[in-house]
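K.L.:
2 protein chains.
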Amino acid sequence: MREYAISLDAKKMPDAWYNVLPDMPSTPTPVLHPATQQPVGPEDLAAIFPMGLIEQEMTTAPTISIPGEVMDRYLMYRPTPLRRAYRLEEALKTPAKIYYKNESVTPSGSHKINTAIAQAYYNLQEGVHSLSTETGAGQWGTALSIACSMYEMACKVYMVRVSFEQKPYRKSFMEAYGASVIASPSDTTEIGRRMQKENPGTTGSLGMAISEAVEVAVTSGGKIKYSLGSVLNHVCLHQTIIGEEAKLQLDSVGEYPDVVIGCVGGGSNFAGIAFPFVQDKLKKNLKTRLVGVEPAACPTLTRGPYVYDYGDTGKMTPLMKQYTLGHNFVPPGIHAGGLRYHGVARTVAQLVHEGVIEAISLYQNPCFKASLIFAKCEGILPAPESSHAICAAMDEAVRCRESGEKKTILFNLSGHGHFDLTAYDAYLRGDLQDYDLDEEILEKGRASIPDVKEPA
Amino acid sequence: MREYAISLDAKKMPDAWYNVLPDMPSTPTPVLHPATQQPVGPEDLAAIFPMGLIEQEMTTAPTISIPGEVMDRYLMYRPTPLRRAYRLEEALKTPAKIYYKNESVTPSGSHKINTAIAQAYYNLQEGVHSLSTETGAGQWGTALSIACSMYEMACKVYMVRVSFEQKPYRKSFMEAYGASVIASPSDTTEIGRRMQKENPGTTGSLGMAISEAVEVAVTSGGKIKYSLGSVLNHVCLHQTIIGEEAKLQLDSVGEYPDVVIGCVGGGSNFAGIAFPFVQDKLKKNLKTRLVGVEPAACPTLTRGPYVYDYGDTGKMTPLMKQYTLGHNFVPPGIHAGGLRYHGVARTVAQLVHEGVIEAISLYQNPCFKASLIFAKCEGILPAPESSHAICAAMDEAVRCRESGEKKTILFNLSGHGHFDLTAYDAYLRGDLQDYDLDEEILEKGRASIPDVKEPA
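These protein sequence lines map, in sequence, to chains A and B.
If you read the first sequence in the numbering used here, its first letter stands for residue 1, the second for the next number, and so on.
If you read the second sequence in the numbering used here, its first letter stands for residue 1001, the second for the next number, and so on.
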């Protein structure tokens, strides 16, 4: 009998998140204040985040215990299954073993709920009853809407305009959980009005939406805090539950991955599946490959410089050292909206810079093709973001067929594609474009990167 | 630590489907040939079904072994979790325990895949490579599309026009798995053209769509077989895996239900969760209540007579004794498209008639209200069909609060509502109508019930 789903007894679930900061090969790069360009202290972030999350942003504790209340919410849908893709292996005629963590079965349909619950919880602990945020494809906005609904908190979501228009039902989904959803850039913020004036007819970007959501928090007199769905260390931290569970599940069948693959937008999905393997790789000197996959239309890690930049278009966030296409860069309207981000988590960036993590980029058409093969074999229709990880995993498996290597491949199926049927429609009609970004476009983005004097 | 999800070791999964026919208190009513009105034999059904399924339609064997190949496909997503709705219990302040089987996490997002895989398998065994079918809300069409994709079979889906228009992404979903989807009634069949002529501007119905799909099979010279998503005994049979698993899962926590609830369209979802409890109820003389919930806009069990009628509008199917609103009845365009069926499985009907099963009907607005409370507590957005079971379960739990009874309630969450956001939008806007069917409408439907001389 084939064991497709490797379960994990809820009683054996990891009870702490893994913090990569103390395991970084060199000192983590400091986060700088946008005005002074000096390292930020907790008080600098207090206007937009609760202290519980600020502590997690900076701590060098090796693990953070998951609070009982958060664990109780996790147990409503976790541990998620680790699945062996036997049918996909057969279809590819590969000697490789393909495993994937199935985060598509969470309440929000993606991994994003793992940090949404934690963030809502820490805000509520400090008396905050209202959150603002941005969303690209809608996965993050959905997750925060559900988490806020669980805790009876208000939730305002700025949704990147191109996704708002491509995915009307995402908006309805969030509204069903009581959130208010606004297409970004909007007229509801000063920065939104300015960005529309400067970029008439813009499709929007995560960078713009972040600026709007941050403005709402900053100007609320402490009533509204801002919540970010990726990039920051506390977000990556909360997602490590994915990789930690996967490790235990693989161990239960006597496996350890040779390659760990995740798609990369802001980096939290990738961090979630890959960070728990960083420690082993560095301390036990393992050869495990950790591969981040980004879209060729937004090639942050593969074509951006490693420098300080803002996290948003409006320059409201702190400066972080990262690979960046420039905070003014607006990527083409590919359907993997969650991967349309100019920058990346500073931890992921530093680990790429230090050679611990690899990065590759893929066009969207081969990703959709891979996605439909996966759907046929495994039954699950993946999110366009996840299709990048699937495509990379399949490419790796095909290389194994050619080389005869029996590698163990692990990837994260970050979400389902139930709200991405417009994209599949377009793919099946042959209407999807693969974007080759020319130097001119990249240079325009790079021009917005600020001149920052790095701390010694 | 709360155990929200009660899992079941795949190795302990039931290896046979439960057949209710031999356990019926009185002899099962015979199925009659539409032309002769005499009991049908296997050969009469051979034009549209493979022999493997015809046998299951008629057998009185107490169980049917699940073939290894079907079991292997089941193991890709089964056993599904049984969940304890702790949060919902708290919200309702009820002393009752509420459990639900979560069929929303299957590849198709509903229970329908359980029979789709089995039906595709038995057809393929007999050399059939192409299936035609109907779908209401799209859950069944999606399931058969995925199953056909798994076995590399062709799939043609006639989708009730009102759902086709309400749920454009359902169509895309099916197409992503390679199916062809046609709004019914259509111009592609003789009967579709006739029905459009007789009912100009009709929203369609399951009865009409069945006629079209059957015509395609009958006129294919044996190349295409017809596949039905509910009503027939073999379909109900395949769904019993739900209730069988639930029984084992409840048993593992020392529970047995006082009330088992499922929504009823054609009856297979209800049969799936409830039939495995029929045997206990009859043989052990238990007081377990088995409650089928239908929409007030299509009140088959609660307002229809118990007589012989056709399964489809075009009178192409055999005659079955059932509760029926008349095969010409076209229910109002409520959003629970999967419950818009004029008739019901003859086994469910007979058990209602004999008092083993109860039936109630509910309006759609309270169902959507219940659904959103459930979503807030449990995180999962239910299908409008499933919302009927949820609403009934919540009503029961509220009665327990009033009476102080600590009942154990079990219901089936048959599917998620990711493709039903139009419906939730309309509900939130206050745009949903609750239909009170007047005698005139019911009489018009009843007028189409044929005069059948019942066999002695």
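Built from N, CA and C at the ideal position, the CB exists for glycine as well.
Every value quoted in this text rests on a predicted model; they were computed, and no experiment measured them.
Report yes if the C-beta distance between G1292/B and V1348/B is below 9 Å; otherwise report no.
P.N.:
A contact, by the Cβ cut-off of 9 Å.
K.L.:
Is it the case that the Cβ atoms of A1143/B and S1180/B are separated by a distance below 9 Å?
P.N.:
Contact flag unset, no.
K.L.:
Please state whether DSSP places Q1322/B in a helix, a strand or coil.
P.N.:
Note: Q1322/B maps to strand in three-state DSSP.
K.L.:
Do H1238/B and A1137/B come within 9 Å of each other at the CB atom, strictly closer than that value?
P.N.:
Not a contact, by the Cβ cut-off of 9 Å.
K.L.:
Give me, in chain order, the residues of the same chain whose beta-carbon lies closer than 6 Å to that of N1365/B; leave out the 5 immediate sequence neighbours on both sides.
P.N.:
L1432 and D1434.
K.L.:
Contact criterion: CB-CB distance below 9 Å. Does H1418/B meet it with respect to chain A?
P.N.:
Judged by the 9 Å Cβ criterion, H1418/B is in contact with chain A.
K.L.:
Pull the bridge partners of C1155/B from the DSSP assignment, please.
P.N.:
C1155/B pairs with L1131/B.
K.L.:
Could one say the Cβ of V1231/B lies closer than 9 Å to chain A's Cβ atoms, at least one of them?
P.N.:
By this cut-off, V1231/B is not an interface position.
K.L.:
Can you tell me which of the three DSSP states C1391/B falls into?
P.N.:
Looking at C1391/B - three-state DSSP - the assignment turns out to be helix.
K.L.:
Who does Y1308/B pair with in a DSSP beta bridge?
P.N.:
Looking at the DSSP assignment, Y1308/B forms a beta bridge with K1321/B.
K.L.:
I want to know whether the region 1091-1100 of chain B touches the region 1203-1221 of chain B - three or more CB-CB distances under 8 Å.
P.N.:
They do not touch, by the three-pair rule.
K.L.:
Can you tell me the Cβ-Cβ gap for T1288/B and D1258/B, rounded? I've got them flagged as a contact below 8 Å.
P.N.:
6 Å between Cβ atoms; contact.
K.L.:
What first and last residue would you give for the beta strand (DSSP E) that runs through Y122/A?
P.N.:
Element bounds for Y122/A: not the beta strand (DSSP E) but the alpha helix (DSSP H), I113 to Q125.
K.L.:
Tell me whether the beta-carbon of T1300/B lies closer than 9 Å to the beta-carbon of H1342/B.
P.N.:
In this structure, H1342/B lies closer than 9 Å to T1300/B by Cβ.
K.L.:
Using the rule of at least 16 other Cβ atoms within 10 Å of the residue's Cβ for burial, across every protein chain shown, is D451/A buried or exposed?
P.N.:
Exposed, because fewer than 16 other Cβ atoms sit within 10 Å of the Cβ of D451/A.
K.L.:
By a C-beta neighbour count over all protein chains shown, 10 Å radius and 16 as the cutoff for buried, is M71/A buried or exposed?
P.N.:
It counts as buried.
K.L.:
Which term fits G1201/B, buried or exposed, when burial requires 16 or more other beta carbons within 10 angstroms of its beta carbon?
P.N.:
Answer is exposed; the Cβ neighbour count stays below 16.
K.L.:
Quick one: residues in its chain with C-beta nearer than 7 Å to the C-beta of T1189/B, no 5 flanking neighbours on either side, listed in chain order?
P.N.:
So the list reads E1212, E1215 and V1216, once near-sequence residues are dropped.
K.L.:
Relative to the C-alpha of K1223/B, which candidate in E1003/B, M1001/B, I1373/B and L1131/B has its C-alpha closest?
P.N.:
Minimum Cα distance to K1223/B is reached at L1131/B.
K.L.:
Let me know the secondary structure DSSP gives P1295/B once reduced to three states.
P.N.:
Strand at P1295/B.
K.L.:
Count the other CB atoms within 10 Å of the CB of N1269/B; is the residue buried (16 or more) or exposed (fewer)?
P.N.:
Result: buried.
K.L.:
Would you identify the three-state DSSP class for K225/A, choosing helix, strand or coil?
P.N.:
Strand at K225/A.
K.L.:
Provide the residue(s) that pair with R1083/B in DSSP beta bridges, ordered along the chain.
P.N.:
According to DSSP, R1083/B bridges with A1005/B and Y1100/B.
K.L.:
With DSSP collapsed to three states, give me the class of N412/A.
P.N.:
Residue state, collapsed to three classes: strand.
K.L.:
According to the Cβ coordinates, are A297/A and P331/A closer than 9 Å?
P.N.:
Yes, the pair counts as a contact, with Cβ atoms nearer than the cut-off.
K.L.:
Hey, could you find the ends of the beta strand (DSSP E) V470/A is sitting in?
P.N.:
No answer is possible for residue 470/A: the residues shown for chain A start at 1 and end at 456.
K.L.:
Run through chain B and tell me which residues come within less than 7 Å of L372/A, C-beta to C-beta.
P.N.:
In chain order: A1176.
K.L.:
Three-state secondary structure (DSSP) at S230/A?
P.N.:
Residue state, collapsed to three classes: coil.
K.L.:
Which residue from E1402/B, Y1074/B and K1284/B puts its Cα closest to that of H1111/B?
P.N.:
The option with the nearest alpha carbon to H1111/B is Y1074/B.
K.L.:
Along chain A, in chain order, which residues have C-beta atoms closer than 7 Å to that of R1002/B?
P.N.:
Those are D72 and L75, listed as they occur along chain A.
K.L.:
Just to make sure I have the definition right: I need the residues of chain B whose C-beta is within less than 7 Å of the C-beta of Y341/A. Which are they?
P.N.:
Here the premise fails: no neighbours, minimum Cβ distance about 25 Å.
K.L.:
Within its chain, find whatever has a CB closer than 7 Å to the CB of A393/A; leave out the 5 residues flanking it on each side and keep chain order.
P.N.:
The answer, listed in chain order, is I98, I261, I409 and F411.
K.L.:
How about S108/A: is its C-beta nearer than 9 Å to some C-beta of chain B?
P.N.:
Chain B, which has a Cβ nearer than 9 Å to the Cβ of S108/A, makes this yes.
K.L.:
Identify, in the order they occur along the chain, each residue of the same chain with its Cβ nearer than 8 Å to the Cβ of K1283/B, setting aside the five sequence neighbours on each side.
P.N.:
Only D1023 meet the Cβ criterion.
K.L.:
Helix, strand or coil for S457/A, going by three-state DSSP, please let me know.
P.N.:
There is no way to answer for residue 457/A, as the model of chain A reaches only from 1 to 456.
K.L.:
Mind listing which residues of the region 1122-1147 of chain B have their C-beta closer than 7 Å to chain A's C-betas, in chain order?
P.N.:
Hits within the stretch, in order: I1146.
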